[in-house]
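Take any residue in the sequence shown, note its place counting from 1, add 269, and you have its number in my numbering. We put the beta carbon where it would ideally sit given N, CA and C, even for glycine.
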Amino acid sequence: MSDLIPVERIESRIYLIRGQKVLLDRDLAELYEVETRALIQAVKRNIERFPEDFMFQLTRQELTNLKSHFVISSWGGTRKLSYTFTEQGVAMLSSVLKSKRAILVNIQIMRAFTRLREMAVGYVELKSRIEDMEGKYDHQFKIVFDAIKSLIETPSRELKKIGFKK
């Protein structure tokens, strides 16, 4: 059942908004195979479980910015501003949506968030290694660049004209 939804499919729907990694209500509804309005109704019936650091509603500007990332919007004429759910908000959804699918989807979503965190740590380590290499090899590269500069800056000697004399 771990391949119910590939982690890569979930990762592609995680956005960085207000400095937080979030999933949109419409994407979660699609993953859970429920209507977006049903998902939001379940959340609103249990709103005390969803403080602002678990779930927040997009502003019009945020929605516009998000839509501009897509060449063709599949959102149609959406009238209401989307809700976004942080990792903690998605975890809380499992206590609100009690279907077997919701539980399995939540497990995959948690795996996607974990994988993104691991990748971020990998980027930090890679950056650190590159900076270390720059420190070690700067002197050697400086010699190469100095040699190239000296070749460029050396005045060329005047060439004798070759050809017929008048």
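Per DSSP, the bridge partner or partners of residue i
| i | result |
| --- | --- |
| Met324 | Phe354 |
| Leu292 | Ile283, Phe354 |
Closest Cα partner of residue i within the set the options
| i | options | result |
| --- | --- | --- |
| Arg282 | Arg318, Ile378, Gln326 | Ile378 |
| Glu321 | Thr355, Ser368, Ala389 | Thr355 |
| Gln289 | Asn315, Ala307, Lys313, Phe323 | Phe323 |
| Leu300 | Thr333, Leu273, Ile286, Ala416 | Leu273 |
| Leu285 | Ala307, Leu327, Glu304, Thr305 | Leu327 |
| Thr305 | Leu350, Arg398, Gly391 | Leu350 |
| Val276 | Arg384, Val365, Ser419, Gln330 | Arg384 |
| Leu335 | Ala416, Gln357, Arg287 | Arg287 |
| Lys369 | Asp294, Val303, Asp296, Val291 | Val303 |
| Met361 | Arg329, Arg386, Leu297 | Leu297 |
Where residue i sits in the DSSP three-state scheme
| i | result |
| --- | --- |
| Ile274 | coil |
| Lys349 | coil |
| Phe319 | coil |
| Glu302 | coil |
| Leu479 | Given a span of 270 to 435 for the chain in the structure shown, any question on residue 479 remains unanswerable. |
Delimiting residues of the alpha helix (DSSP H) encompassing residue i
| i | result |
| --- | --- |
| Asn266 | A query on residue 266 cannot be resolved here, the shown segment of the chain reaching from 270 to 435 and no further. |
| Val312 | 305 to 314 |
Within-7 Å CB hit, residue i to chain E
| i | result |
| --- | --- |
| Phe319 | This model lacks chain E altogether; it includes just one protein chain. |
Between the region 310 to 321 and the region 368 to 378, do three or more beta carbon pairs fall short of 8 Å? no
Segment contact, 8 Å Cβ cut-off, at least three pairs: the region 380 to 391 with the region 296 to 312: no
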